[in-house]
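If you count by numbering that gives the first Met the number 0, then the sequence shown holds residues 0 to 149, one letter each, in order. Quick reminder that beta carbons are idealized off the backbone N, C-alpha and C, glycines included. Structure record follows, encoded as structure tokens.
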Amino acid sequence: MEALEVTVVRAQLKDEVFMNMALELSRLGTCCRLKVGAVLLRADGGIAAAGFNGALPGMPHCTPDTCKPGQRCLHTSHAEENALGFCDGPVATAYVTHEPCLVCTRALVRRGVRRVVFRHPYASIAEQERAERQAILDHFAVRWDHHEEP
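Here it is as structure tokens:
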């Protein structure tokens, strides 16, 4: 196997491993509507932090009465937000089970993320929010990679 081919195979393996870690973390999420996991990497490839979506500190977990499909959950912090809260310094890559919202995109880019890898697209994003997010990604040259199931 040539060096370039080994590099490509290794990069694909890393994407698979870190996405699987994010998927496992998502199982800990406390939101009834959606469970999300995130793994953040430093530029050297080491894990900077990880998180999942869950109840805000001091608040109860979601219940079917407080968390309904089609509505924003008021009891839950996003996985990216929680991971960033446990992380010091810059972050280079984010692996997230679900495509980040605009607020989380801004927070990730602010911390230095230049590559986001996600499994599930954000289907209900408003067109204006999608355009604003794309402008941020273009301005900061952020790679936005949809990592489909193998």
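Can you tell me the Cβ-Cβ gap for residue i and residue j, rounded? I've got them flagged as a contact below 8 Å.
i    : j    : result
D144 : R114 : 7 Å
G111 : A140 : Their Cβ separation, rounded to whole angstroms, is 12 Å, which puts G111 and A140 out of contact at 8 Å.
T104 : A21  : The pair is not a contact, with the Cβ atoms about 16 Å apart (cut-off 8 Å).
F51  : L27  : 5 Å
A130 : P89  : Not really, about 27 Å apart at Cβ, beyond 8 Å.
P149 : E15  : 7 Å
Under a Cβ-count criterion, where at least 16 other Cβ atoms within 10 Å of its own Cβ denotes burial, should residue i be classed as buried or exposed?
i    : result
R118 : buried
G53  : buried
E98  : buried
R132 : buried
E79  : buried
V5   : exposed
A2   : exposed
A106 : buried
A10  : exposed
So which of the options has the shortest CA-CA distance to residue i?
i    : options                  : result
L55  : H74, A37, H97 and G44    : H74
A122 : C100, L107, R142 and G57 : C100
E23  : C30, C31 and V38         : V38
S25  : R142, P149, R105 and H77 : H77
I135 : P120, T29 and R109       : R109
E147 : T29, Y94 and P89         : Y94
M18  : A106, I46, V102 and P89  : I46
E128 : A48, V102 and G57        : V102
When you measure from the CB of residue i to every non-hydrogen atom of the ligand NAP, does any distance come out below 8 Å?
i    : result
P120 : This structure lacks the ligand NAP; in fact it carries no ligand of any kind.
Handout entry: Cβ contact (3+ pairs, closer than 8 Å) linking the region 55–67 and the region 84–91
Key = No, the region 55–67 does not touch the region 84–91.
Exercise for the section: At 4 residues or longer, and completely inside the region 67–105: list those alpha helix (DSSP H) runs for me, N to C. Expected result: Segments of the alpha helix (DSSP H) lying fully in the region 67–105: 78–84.
Problem - Sequence ranges, alpha helix (DSSP H) only - wholly within the region 5–60, length at least 4 - result: Scanning the region 5–60 for uninterrupted alpha helix (DSSP H) segments of 4 residues or longer gives nothing; none is fully contained.
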